[in-house]
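For reference, the structure discussed in these notes is given below.
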Ligand code: VGL
Ligand code: ZN
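In my numbering, the protein residues as written are 427 to 626.
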């Protein structure tokens, strides 16, 4: 692959695999494919969803609310989740089957107690930047290919923000799996297409 292209491996973490706190159906099935894809890229970025134990997105923070409900956050609607990817825990660790030793960056997002971040570029307040755009620009990377979990949340949000950053963006759908909450996968695919993301 061209040196101007990077693979972004989104949130392939234990809590998103079967048996995890926020298991994505068949999330584990993508791991061999992600490894094979990554072998073809010189630049690979791994992301981790990485929350404090009392993160705003956890239903446990909001008495009277249950996981998968949506509440109003100061920055907009927020879906509530089971506690997941608590920083430093086994659930937040990268899947053991990932074999990408040449990855150049592990980016952790969602670290602020009161702001979620599905996107690897811009937090849910739509103001706070992770710096990934600068990391890619500094390497002359103008195109990104995405895979990982979950298609309809963190992969889609990252893909759409990558387009906003002016990057060419491709999502390899067979190397992704979705949560698919109330039609979220169909909505995410439409939003990605509308943003100019190539779904392959
Ligand atoms: C994700 C829900 C909550 C994801 C992260 O990685 O897609 N989804 N936190
Ligand atoms: Zn999360």
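From the three backbone atoms N, C-alpha and C, an ideal C-beta is built for every residue, glycine too. Model, not experiment: these values are computed from the prediction.
In this structure, the beta-carbon distance from residue 576 to residue 450 falls below 8 Å. The Cβ atoms of residue 527 and residue 447 do not sit closer than 8 Å to each other. With contacts defined as CB atoms closer than 8 Å, residue 546 and residue 596 fail to qualify as a contacting pair. The Cβ neighbour count for residue 554, taken over all protein chains shown within 10 Å, is under 16; the residue is labelled exposed. Non-local beta-carbon contacts of residue 580 in its own chain, meaning distances under 6 Å to residues more than five positions away in sequence, involve 436, 437, 544 in chain order.
Under DSSP, residue 580 shares a beta bridge with no residue. When only Cα atoms are considered, residue 542 and residue 487 end up about 13 Å apart.
Taking the Cα positions, residue 439 is about 5 Å away from residue 521.
Looking at the backbone, the Cα of residue 470 and that of residue 529 are separated by about 5 Å.
The beta carbon of residue 544 sits closer than 7 Å to at least one heavy atom of the ligand VGL.
Taking the Cβ of residue 509 as the reference point, every heavy atom of the ligand VGL lies at 7 Å or farther away. Bridge pairing for residue 624: 596 [DSSP].
In this structure, DSSP gives residue 484 an extended state, which the three-state scheme calls strand. Residue environment: residue 468 is assigned as exposed (fewer than 16 neighbouring CB atoms within 10 Å of its CB, all protein chains considered). Leaving aside the five residues that flank residue 497 on each side, the residues in its chain whose CB is nearer than 7 Å to its CB run, in chain order, 488, 491, 504, 506. Burial state of residue 532 is exposed, judged by a 10 Å Cβ sphere holding fewer than 16 other Cβ atoms. Between the beta-carbon of residue 501 and that of residue 552 there is about 7 Å, and that keeps the pair under the 8 Å contact cut. Residue 574 sits buried, since 16 or more C-beta atoms from the chains shown fall within 10 Å of its C-beta. Leaving aside the five residues that flank residue 611 on each side, the residues in its chain whose CB is nearer than 7 Å to its CB run, in chain order, 577, 578, 604. Around the CB of residue 566, fewer than 16 other CB atoms lie within 10 Å, so the residue is classed as exposed.
Residue pairing for residue 510: DSSP places it in no beta bridge.
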